[in-house]
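In this text, residue positions in the sequence shown follow the numbering used here: the first is 25, and each later residue adds one.
The C-beta atom is built at its ideal place from N, Cα and C for all residues, glycine as well.
Okay, structure first, notes after.
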Amino acid sequence: MRKFNNVIVRRPCRAMTEGITSGLYPGKPDYDLALIQHDAYIEALKKCGVKVTCLPADENYPDSCFVEDPAVLTEKCAVITNPGAASRNGEKISIEEAVRQFYPEDRIEHIEYPGTLEGGDVMMCGSHFFVGRSERTNDDGIRQFKAILEKYGYTCSEVKLEEVLHLKTGVNYLENNNLLVSGEFTDKADFINYNKYVIPEEEAYAANCIWVNDTVIVPEGYPAVLSAVQSMGYKTITVDTSEFRKLDGGLSCLSLRF
Ligand code: GLY
25 MRKFNNVIVR RPCRAMTEGI TSGLYPGKPD YDLALIQHDA YIEALKKCGV KVTCLPADEN
85 YPDSCFVEDP AVLTEKCAVI TNPGAASRNG EKISIEEAVR QFYPEDRIEH IEYPGTLEGG
145 DVMMCGSHFF VGRSERTNDD GIRQFKAILE KYGYTCSEVK LEEVLHLKTG VNYLENNNLL
205 VSGEFTDKAD FINYNKYVIP EEEAYAANCI WVNDTVIVPE GYPAVLSAVQ SMGYKTITVD
265 TSEFRKLDGG LSCLSLRF
């Protein structure tokens, strides 16, 4: 099954050591190691058959390697978001320049102030989009996002977040009706119609796996999740994300897949 042809990533910048962090995974990122891990991430994506566009590092924005947040890319349109984290809001400008290479002008939409929305709060399940109401994504952002999606024939529903940073911190769709769920998402009625694999608490970080053309990329060091994903019948590739994890970032945050 092939769904994605392209991926956009952005090289981590030296300032990533000053990126936003909850401190859940302590320590400052080691920049050189982050670059090695980023290289491995790009190689893993290429093995999944996508063309990778790698944007240059942007020292103005410590978290800018997490390109998933300033845009949501669908088959029919691109949505430039309005990130709710003040230090990240300006990332939307340079991501739009990159997105313009792939989408015509009339298919590029925007979330406008006072709405805020970050792509980490958006989970695409076929033609339905779940969007997390979080500290970064507000009611007005969700209202605007829904209206945009409906214009293109998509549907959208809100999921209230209680604990985690972004929706996809804790729940991810692996296609074929399969979801990885952890923590607060385990029993949510929103996901009742999916086959759910419940992530053990000690492997919660690995809820953030990504499906790319029938391969699932899994963070390194989470044996229960790796084995569960393999037993669902997926090919897997593991990538070490230890330096991004220190900034609460995971596999999905590091790319836009479309
Ligand atoms: N450090 C990633 C974020 O908080 O947006």
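Worksheet entry | Option in I241, T262, M147 with minimal Cα separation from N196 | M147
Item to complete: Consult DSSP for S88 and reduce its assignment to one of helix, strand or coil.
Response: coil
Fill in: Pairwise C-alpha distance: G165 and V31
25 Å
Worksheet item: ligand 1 heavy atoms versus the CB of D54: any closer than 6 Å?
Response: no
Practice prompt. Assign G165 to one of three DSSP states: helix, strand, or coil.
Written response: helix
Worksheet item: Quick one: is the Cβ of L141 within less than 6 Å of any heavy atom of ligand 1?
Response: no
Worksheet item: Does the beta-carbon distance from I234 to S206 come in below 7 Å?
Response: no
Practice prompt. Compare the Cα-Cα distances from F209 to each of M25, D63, V155 and report the closest residue.
Written response: V155
Discussion item. With the cut-off set at 7 Å, would you say N262 and Q254 are in Cβ contact?
Written reply: The sequence given here has Thr at residue 262, not Asn. No, the pair does not count as a contact, with Cβ atoms beyond the cut-off.
Fill in: Alpha-carbon to alpha-carbon, L191 and F282
19 Å
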